[in-house]
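See below for the structure under consideration.
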Amino acid sequence: MNEKCKWCEGGFAGIDGPVHEYIESAPGCWAVYSGILAKEYESYNDMQDTHRLTVDTYAVQHPGKPSRKSRQSVMGHLVSMYYVLEKNMNGASARQKLKEFIERKQKLRWLEPPSFKGTLTVSDVALAKNSEEHKILVRKWAESVWQTWFRKYEKEILSVIME
Ligand SMILES: [Zn+2]
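At position 6 of the sequence shown (counting the first as 1) the number is 6 in this note's numbering, and the numbers step up by one without a gap.
In structure tokens, the structure reads:
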């Protein structure tokens with residue numbers, strides 16, 4: 001049986017399985033994501049920069065319900081994506097920016113997520129047959145998700161970054 005993930009709108013095997021505490025997704029979607037993370041951890045070398053984008057993209061494509069943690073998570077991962085995709089920063093530096101953002105403990109309002117219709121999902125990334133394809137697909141997935149957020153909330157994202 002197939003189950004649609006209500007966030008990324010991808011179709012996944014309808015399974016029972018673990019999901020994240022506040023990054024909401026269908027268990028089938030989370031399982032595909034976990035497989036992608038496993039590839040990055042185990043099978044691939046020099047995946048640091050790609051791994052940064054994978055974690056950020058999944059989090060902002062599955063924002064969940066408004067809460068202190070989810071507000072912080074979504075904006076933090078958007079900040080990291082801003083530096084990687086708009087400023088060509090490497091994964092380690094973007095991670096540092098994310099850490100600084102969290103330490104600033106800014107007051108954040110909940111941003112009503114954009115529709116992710118038409119963006120790529122973890123299913124597209126999972127098709128990669130080798131590490132080069134994987135890197136390219138993660139980048140495409142990240143850019144498609146980033147654009148939906150940035151188009152809608154450029155001002156809000158930049159205001160957090162400028163503070
Ligand atoms: Zn999903």
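Where is the CB? At the ideal position from N, CA and C, for every residue including glycine.
Around the beta-carbon of Gly-17, fewer than 16 other beta-carbon atoms lie within 10 Å, marking it exposed. For Glu-154, there is no enclosing beta strand (DSSP E); the residue is found in the alpha helix (DSSP H) stretching over 131-162. Within 10 angstroms of the beta-carbon of Met-162 lie fewer than 16 other beta-carbons, which makes it exposed.
The three-state reading of DSSP puts Glu-112 in coil, since its state is none of H, G, I, E or B.
Minimum Cα-Cα distance from Gln-147 among the listed residues Ser-131, Thr-57, Leu-108 corresponds to Thr-57. One Cα belongs to Ala-92, the other to Asn-2, and the distance between them is close to 37 angstroms.
Straight through space, the alpha carbons of Ser-73 and Lys-65 are spaced by roughly 11 angstroms. Not one heavy atom of ligand 1 lies closer than 8 angstroms to the C-beta of Trp-141. For Lys-69, the three-state secondary structure derived from DSSP is helix.
Taken through DSSP and simplified to helix, strand or coil, Lys-4 comes out as strand. Counted as a single uninterrupted DSSP element, the alpha helix (DSSP H) harbouring Ala-59 occupies residues 48-61.
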